[in-house]
Structures are given as structure tokens and as C-alpha cells.
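Here is the structure we will look at.
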Amino acid sequence: MTHPNPGPVVQRILLGAQLSAARELRGLSTTEATKALGWYAGKLSKIEAGDVPTSDKDLLKAIRVFEIPAEEAEPLQRLAAEARRKLPPSRVPEWAAKYVHLIAAAKELKLWNSDTFPATVQTADYARAALTQLVTVSAADVERMAEERVKRVTILKSANAPRLWLVVGEEALHREVGGPETLRGQLEHVRELAKLPNVNVQVIPFDGGAHASPGVSFSIVELIEGRPGIVFVEGLTGSDYLGREHVRAYNLAFDNLRMAGLSRQRTITMLNRRIAEL
């Protein structure tokens, strides 16, 4: 099985990341580059973030200003053309659709949640129970969105599966989202995921004390090996995609969370114990 077509969002992000790297290689700040390109303030930042498509005319101008070699320019032009394709919307809120495309093309995923299991690893029942409580999700959308979340899990079992680092607080093992039966099914599901060679699951125990990200759940998506990833932080009515200097801070926080978590085997032992209790 291969990854599904991630859609033009990822192509925009990849193109933006490569243009950003080319600009920095030339030693240009965003302000300096914007002036040299003759663009309005904010346009370059939007392109580098992958928020807007890049026209052929704008790309050719960037290639010239950033002095991108011909052998590197041609793949960028193909990427820009792919990024302008039209695809049907995902079955998620518009502001979260970008994240769905990101994880479909990820090389590595780092997920942290203190009190529940994140959407990417949820079972259908757990997802329905969680979505039902969200004031921003209509009853008519719950089933479709739950199905979409379950589909994300298939990526972790595909031939090109990304590496997954999942860290949760011990509260996630006790909060009975959907009731005891639903929670048991979710814990069994996570236990099975933990046995995959590309997945590492850790729990931060209650007695572990303070940790590096109190009250803030987040995901880090790495699209290109060796390049800084993109941080996704979701709220009730919107989300933030953070790059550059933010990624370093979130990666450091995630590393500290992993160090505070139990080992893989002790985590599985805790999952087994909690499953037996339910």
C-alpha cells in the first residue's frame, strides 16, 4: 500500500520550504527579498508557508532573484504546477484540512496530548465520542469526520509508513471518552500500534510531576528528511502552523516529554494493566 495522493497543499508547502532555503542561502531577509521581487508585504511569507499557490511568473522571478541553478529550477516549476491542482475538500473543518494533507505525506510524526488520544490514532468509536462533544462540529458531520480519522491510521501501516512518536499523559488512559468499553477499545488499538516497528508510544505517569508542555497539545510533522518540520497547534475554532524558530522550541519540548515518559515496554505494561481494569 502506498500513501494516498496528499493533494496540492503539500506541494505548496514543499515548494515554499525550498524557496525559503534558497532565499536564506542568498543571505536575504524576507523584507530584502520582498523588495527585490517587487511584491507586496506578506506575499513572500504566504508563499514560503505554503498558504497560497505560486504562479509561473512569480516563480520565475524568485528563481532569478534567489539565483537558483537551472537543474534545481525545473523541479520547482513542476512542483508549482502540481500545487495549483484542484482537489475536493477533506471531511474536516477548512482550517484543519491542511493538517490532513500534511500527515499523508509525512516522513515523521510527533504527537503530544496530555489528557486524550490525538485524532490520528483514534478508533471510530472513540472519535465519534470525542467529536460529539465539540461545539464546532454538527451532528451531521460526526460520522464522516470519525471515518476520516480512522483512515489516517492506515498511513501508519502502509509500505511507506512514517515514523510515529506518540506521547500522552497518563490521564488519557483514564479519561473514559465514550465510556469504559470505548476506552478499552482505544487502549487495545494503541497497544497494537505500539507493536509496529515504526511506532513508539510513551506515557508520562501522574507521578512524573511537571513536564515540558502543560496545557498545550501539539503535533510536529516532518516532510523532508533532515529539514525542520511544521508544528500544528489546534484550537476550538482554528489552528496555527508554526515554522522556523518555533519548530526548535517545540522539538526541544517534545524531546523533554519523551525523556519524562515511560519506556516502550513499561508503557505497554501500563496499557495492559489499564485494559484489564476496564
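Here the UniProt record's numbering is used: the first residue of the sequence shown is 1, the next is one more, and so on.
Each residue gets a CB set at the ideal place from its N, CA and C atoms; glycine is no exception.
Among the options, the one whose alpha carbon lies nearest that of residue i
i	options	result
Pro162	Val52, Gln11 and Ala105	Ala105
Lys109	Val221, Gly229, Ser263 and Ala276	It should be noted that the sequence gives Leu, not Lys, for residue 109. Of the candidates Val221, Gly229, Ser263 and Ala276, the one whose C-alpha sits nearest the C-alpha of Leu109 is Val221.
Ile68	Arg144, Val52, Leu25 and Val100	Leu25
Leu252	Ser213, Leu223 and Asp240	Ser213
Val135	Leu196, Leu236 and Ala146	Leu236
Leu102	Arg144, Leu14 and Ala194	Leu14
Arg149	Val100, Arg184 and Leu183	Val100
Ser45	Tyr250, Leu196 and Leu242	Leu242
Assigned exposure category for residue i - 16 Cβ within 10 Å defines buried
i	result
Ser20	buried
Arg152	buried
Pro8	buried
Ser219	buried
Gln265	exposed
Residues near residue i by beta carbon distance below 7 Å, same chain, minus five either side
i	result
Val65	Ala33, Ala36 and Leu37
Glu48	Gly16, Leu19 and Ser20
Ile204	Val167, Gly169, Glu170, His211, Leu257, Ala260 and Gly261
Glu188	Ile275
Gly208	Ala260
Sequence-distant residues of the same chain with beta carbon closer than 8 Å to residue i, five excluded per side
i	result
Glu225	Lys107
Val142	Arg128, Leu131 and Thr132
Ala139	Thr132
Pro53	Pro8, Arg12, Ala80, Ala83 and Arg84
Where the beta strand (DSSP E) containing residue i begins and where it ends
i	result
Asp240	Ser239 to Leu242
Gln202	Val199 to Ile204
Val231	Ile230 to Glu234
Distance cut-off 7 Å: residue i Cβ against heavy atoms of the ligand HEM
i	result
Ala83	Of ligands this structure carries none, so the ligand HEM is not represented either.
Same chain only: Cβ atoms within 6 Å of residue i, ignoring 5 sequence neighbours per side
i	result
Ile63	Ala73
Glu171	Asp115
Boundaries of the alpha helix (DSSP H) in which residue i is found, first to last residue
i	result
Ser45	Lys43 to Ala49
Lys195	Premise fails: Lys195 is in no alpha helix (DSSP H) and is neither H nor E.
Ile13	Pro8 to Leu25
Ile268	Arg264 to Glu277
Tyr63	Strictly speaking, residue 63 in this sequence is Ile, with Tyr absent from that position. First-last of the alpha helix (DSSP H) with Ile63: Asp56 to Val65.
Below-8 Å beta-carbon distance, residue i vs any chain C residue
i	result
Ala36	The structure shown contains no chain C; it holds only a single protein chain.
For the stretch 111-125 against the stretch 52-67, are there 3 or more C-beta pairs whose distance is under 8 Å?
-> no
Touching or not, the stretch 120-136 and the stretch 167-183, by the rule of three or more beta carbon pairs under 8 Å?
-> yes
Do the stretch 190-208 and the stretch 268-275 meet, that is, are 3 or more Cβ pairs less than 8 Å apart?
-> yes
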